[in-house]
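Reading through the structure tokens given below for one structure.
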Amino acid sequence: MDIIHWDDLIKNKEWKEESAATIGVFDGVHRGHRSLIDQITASPYKSVVVTFTISPRQFFHKDSYQGDIITLERKVELLAEAGIDACVLIDFSDDFSKITGRDFLKRLSRAVNMRHIVVGADFHCGYRNDTDAAAVKRFAEESGISTVIAPPVMDSGLPVSSSRIRHALALGEHVLAASLLGRGIDRL
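Residue numbers (this note's numbering): 3 to 190.
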């Protein structure tokens, strides 16, 4: 798997392959994340995951942030194991936080020659979360990019989420956390 930093990606004009992308924090690379990843790896395009070196929540809420489920190194390892072709890492910063979602999507789509995008139904990006999944779909349609808005993966009537996994771990419910992550308890 190629690992590309956002700043290098935007400067580089050499990307020729068409891509399928998904965007998110991917903390835990849990079953919900895997549903997005599986859709881009199943496409005929180069699979690209766009993620962060630190969570935007950590950046904005240092005092209340509950911590990461896994390290950045483990996240990259799990993405590679999932068959991702390229991982774009964004160093979330004050400057980056001021980019509108639409501008971010324009830059990304040009930089990776995006032909397909998959995001979760609860997806948000951009300055003050100005771009939701519906706005991603509108942008993609205007740009000739196919889009999938993926519904949440459910477990016991509740969505699989990083916050749910953090809560299970805090309560010592390691079997539940492992189930939500989709990995054996020995691979948390």
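Glycine included, every Cβ here is placed at the ideal spot set by N, Cα and C. Keep in mind the model is a prediction, meaning the values are calculated, not measured.
Coarse secondary structure for residue i, derived from DSSP in three states
| i | result |
| --- | --- |
| Asp-70 | coil |
| Val-177 | helix |
| Lys-48 | strand |
| Asp-134 | strand |
| Thr-43 | helix |
| His-63 | coil |
| Arg-104 | helix |
Residue from the options with nearest C-alpha to residue i
| i | options | result |
| --- | --- | --- |
| Ile-56 | Val-138, His-118, Leu-11, Phe-98 | Phe-98 |
| Arg-109 | Phe-125, Ile-92, Arg-59, Asp-96 | Ile-92 |
| Thr-73 | Phe-28, Glu-83, Ser-45 | Phe-28 |
Separation of residue j from residue i, as counted between CA atoms
| i | j | result |
| --- | --- | --- |
| Tyr-47 | Ile-5 | 17 Å |
| Glu-144 | Ala-135 | 14 Å |
| Val-90 | Ala-172 | 30 Å |
| Gly-30 | Ile-151 | 20 Å |
| Ile-39 | Gly-122 | 11 Å |
| Glu-75 | Met-3 | 13 Å |
| Phe-1 | Val-51 | The question about residue 1 has no answer, for the chain in this structure spans 3 to 190. |
| Ala-170 | Ser-163 | 11 Å |
| Trp-17 | Ala-88 | 11 Å |
| Leu-178 | Ile-167 | 8 Å |
| Ile-71 | Lys-15 | 34 Å |
| Gly-186 | Phe-94 | 31 Å |
| Arg-59 | Lys-100 | 15 Å |
Residue i at chain D interface by Cβ criterion, 8 Å
| i | result |
| --- | --- |
| Ser-158 | Structure shown: chain D not included; a single protein chain is present. |
Q.
Using 8 Å as the cut-off, can you tell me whether the region 154–173 makes contact with the region 27–39, which would need three or more C-beta pairs spanning the two stretches below that distance?
A. yes
Q) Is there contact between the region 56–66 and the region 180–187, where contact requires at least three CB pairs shorter than 8 Å? A) no
Q. Three or more C-beta pairs closer than 8 Å, one from the region 17–29 and one from the region 105–116: is that the case here?
A. yes
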